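S.K.:
Numbering (full-length UniProt numbering), first residue to last: 1 to 912.
The structure is reproduced here in structure tokens:
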């Protein structure tokens, strides 16, 4: 552990030194205010509260919004060179961004005189480097090892001839277990090849292995489905409820794996989301670009989850409050309405206290309702005219208001404080509020709570409750009902006799058919008219009423069966975060970010999975390996691609950039090779497979189909694989080299591809790769914004290092080097060549000076010779458009120099 500290400090210093050299391009923002913090002390704690100018308000090309972990230079000028920071008038200060509004300074930002007089100059924050990863590693290297889990560390540093070998005993235990068939089912549905299946089963069997700690290596050359293998492995682990932390070197890589897992398991989740609470992603939202991710990633992001659960579990506005309130509203709405009226100081009438036809409707069975309806319609049809004539003064027909009018009236009531709501308006208004809160809680508790906390039965009952609530909502807001109906529903059912007896009197025909019978009919008629309420569709009206009665009772029963609380420590955001992490099955984060889980009291984990493990510094792998409880580690990667970058010579000498994956390979640790590639056309995969993987990789059936060959441009030069020789190229004599002739050729090829795209409208993605940053910038400057981002014609221009892990339909490689010495510098690196040659799906076009590369004696000599042997070597000037572009690029520098001379002489007077 101590051996990593000195190289780490040296590497940090080298990064800072490199950023100072490029200070002219460093991002800058202005400080709007600076104040000493409450605990400010010199020199122990020089913490300042600051306000940075937002990027939206910045009008320069070096916009910057400081983030936690950034190391910044504070200066009163925007530096164009290093000297500007170290001017005689004022030197710069170094500060560390601790929060969105706090920085820790190396020295006092203002002296006593400036603080006293308020004579403060404008300050600028200049970005240097981000320290967050190195700071986390430094912290992990200084923990007290006595209380840490050293199982994986000991397994890694021990030379073991059986390293990586499967344990036959434990594998047989897995096959005999009840979960084995479910795991096989997951694997079979995922369409994996044999090598992937063997790797997954080998990893899963480790869970049964309690007699030793082990580290598995899955070797995944380019295009062999590493991510697919990892995601199927994680879905099997999720099925086993095995607590696992999954790490990767970068935020982007972590998000990609998490997104792939969600897309894999989403279709198998109950109700589409139950079970996602077992998956958590945590880290810096800005660096992970959570705002740009789809909703599924947001659903598992810890900060978002904690905020949502904080709202759901709030005692005053959350689940318990809404559940109890809804039960009360549906169970006894009239009492609540009376309390509302009392609060409004409304004088209650006798009818408000006891309804004449109390609780009658709720008691009637469905068959009774329809018998009553049929008889009522017959009575009304027979006697309506005579009855209306005699009672014309007492009967007033009511028009059923339109839905628009109802809503307008409801809104008017709701916004008028002095006018009390009717019973219907009151019920609708309160029901709406509670439905919104209850539905929000049900959806999000189902989504965000771990399955160990909320059972499938509870979730099923919640879904039933939502369905019942929606039915009531539909009846309440879209049915033709009035206050009297609702009061009858609300009153329950004890006195069902009065109206039903009255109905029997009228139907049976009493001996006394005189005034008493007519009186009975009059009462019955009044009641039926009140229920039917003048609706055109009287049967549907009574049907709504009957459904409302039964649905209300059903909903109350379901709601009462649901738990009012869920086990959780408290409702503070931080406690909820810890709670989610402690109960999750799969946790995603960067390797360095896992240091947040080193806190005491964390629930133990079982597995550690590291994706792209060969790109991770060994000391960075140490961080998650120390987490409590971890018994086994699974490293997925390819040590023959690019390792982690190292800038310091001291760090390089100490093998600081070496990965744990590479260490184990050097120790002879067994690897599970994924031996089918599904990315590259066979013409593209042929050379890297032979050169870097000893021919062990087979082409998948998908890439061998005829339809996988795509002709984007006419001519043999633009086939699936070609080397385009540019003998006229000129490389610049600088640290980071560029070749403007190759820039012109790249630009012309892109223009031809875009022209072809416009005629076919066939979606296409293009990657332009160069080993040198200067060439990348030159191509980006030449292309500009010609091809808009996000369109069906996309162009990505990056360095080889920046392209690792990516793939595009077409890859154009600009090798840059063009000299008579055969000098190619770090272009000769095998790992870098491997990455560059394996990014393309359908077409790989390599641009370079064939003579220079051949004379280099490097891997590029083999590439040129291979292209010639296969008939894939072409001279750029054989293409008319490329020939013109090359000629024009050779003229441009001379013309540019002549123009400068002309302007210089024209500005001089004769005396000069």
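C-beta atoms are modelled at their ideal positions from N, C-alpha and C, and glycine is treated no differently. Given the structure is predicted, the values throughout are model-derived calculations rather than measurements.
(1) When DSSP labels each residue in this structure, what does residue 734 get in the three-state scheme?
(2) Is the beta carbon of residue 249 less than 8 Å from the beta carbon of residue 666?
(3) Distance check for residue 668 and residue 676, CA to CA, integer angstroms please.
(4) Within the same chain, show all residues whose beta-carbon is closer than 7 Å to that of residue 402, passing over the 5 residues directly before and after it, in chain order.
(5) Tell me whether residue 154 sits in a helix, a strand or coil according to DSSP, three-state version.
(6) Could you round the C-beta distance between residue 278 and residue 584 to whole angstroms and report it? I think they count as a contact, below 8 Å.
(7) Could you tell me whether the segment 63-82 touches the segment 23-32, using the rule of 3 or more Cβ pairs below 8 Å?
(8) Where do the ends of the beta strand (DSSP E) carrying residue 97 lie?
(9) With H, G and I counted as helix, E and B as strand and the rest as coil, what does DSSP make of residue 848?
(10) Starting from residue 15, trace the beta strand (DSSP E) both ways and give me its first and last residue.
(11) Is the beta carbon of residue 598 closer than 8 Å to that of residue 626?
(12) Can you give the Cα-Cα distance for residue 132 and residue 15, rounded to whole angstroms?
(13) Give the DSSP-derived three-state secondary structure of residue 872 in the structure shown.
(14) Quick check: the Cα distance between residue 63 and residue 53, rounded to an integer number of angstroms?
(15) Compare the C-alpha of residue 886 against each of 100, 747, 807, 766 and name the closest.
(16) To the nearest angstrom, report how far apart residue 40 and residue 73 are at their CA atoms.
(17) Which residues in the same chain have their Cβ closer than 8 Å to the Cβ of residue 934, if we skip the five residues on either side of it in sequence?
(18) Provide the residue(s) that pair with residue 28 in DSSP beta bridges, ordered along the chain.
(19) For residue 699, which residues does DSSP report across the bridge?
(20) Quick one: grab the DSSP three-state call for residue 421.
(21) Below 8 Å, how does it come out for the segment 845-860 and the segment 717-736: are there three or more Cβ pairs, yes or no?
(22) If we call anything under 8 Å between Cβ atoms a contact, is residue 296 one with residue 266?
(23) In terms of DSSP beta bridges, what is residue 270 paired with?
(24) Could you pull the start and end residues of the beta strand (DSSP E) that residue 637 belongs to?
(25) Which of the three DSSP states, helix, strand or coil, is assigned to residue 64?
(26) Sorted by chain position, which residues of the same chain lie with C-beta nearer than 6 Å to residue 671's C-beta, five sequence neighbours on each side aside?
(27) Identify whether residue 920 lies in helix, strand or coil by the three-state DSSP scheme.
(28) Got a sec? Which residues, its chain only, sit under 7 Å from residue 647 by beta carbon, not counting five neighbours each side?
(29) Which word fits residue 182, buried or exposed, when buried means at least 16 other C-beta atoms lie within 10 angstroms of its C-beta?
(30) Helix or strand or just coil, what does DSSP make of residue 578?
(31) Going by C-alpha distance, which of 151, 221, 283, 38 is nearest residue 68?
(32) Contact check, residue 606 vs residue 641 under 8 Å by CB: the rounded distance?
(33) Quick check: the Cα distance between residue 683 and residue 253, rounded to an integer number of angstroms?
(34) Please determine, among 154, 95, 758, 156, the residue with the shortest C-alpha to C-alpha distance to residue 130.
(35) Under 8 Å, with one C-beta from each stretch per pair, do the segment 834-847 and the segment 700-716 reach the 3-pair mark?
(36) Do residue 148 and residue 104 come within 8 Å of each other at the CB atom, strictly closer than that value?
M.R.: Checking against the coordinates, here is how it stands:
(1) coil
(2) no
(3) Taking the straight line from one Cα to the other gives about 23 Å.
(4) For residue 402, the predicted model reports a pLDDT of 45, less than 50, meaning its position is unreliable; a value from the coordinates is still stated below. Once the five neighbours on either side are set aside, residue 402 has no close Cβ partner at all.
(5) Annotated three-state conformation of residue 154 is helix, per DSSP.
(6) 6 Å
(7) yes
(8) That run of the beta strand (DSSP E) goes 93-99.
(9) Residue 848 falls in the strand class under three-state DSSP.
(10) Note, residue 15: premise wrong, no beta strand (DSSP E); alpha helix (DSSP H) at 5-21.
(11) yes
(12) 13 Å
(13) Reduced to three states, the DSSP call for residue 872 is coil.
(14) 10 Å
(15) 747
(16) Cα-Cα distance, rounded: 20 Å.
(17) Nothing can be reported for residue 934, as the shown portion of the chain is limited to 1 through 912.
(18) 126
(19) Residue 699 is bridged to 677.
(20) coil
(21) yes
(22) yes
(23) For residue 270, the pairing in a beta bridge is given by DSSP as 274.
(24) 632-637
(25) coil
(26) 217, 219
(27) Any property of residue 920 remains undetermined from this structure, which presents the chain solely from 1 to 912.
(28) 11, 14, 15, 18
(29) exposed
(30) helix
(31) 283
(32) Not quite, the Cβ-Cβ distance comes to about 29 Å (not below 8 Å), so this is no contact.
(33) 28 Å
(34) 95
(35) yes
(36) no
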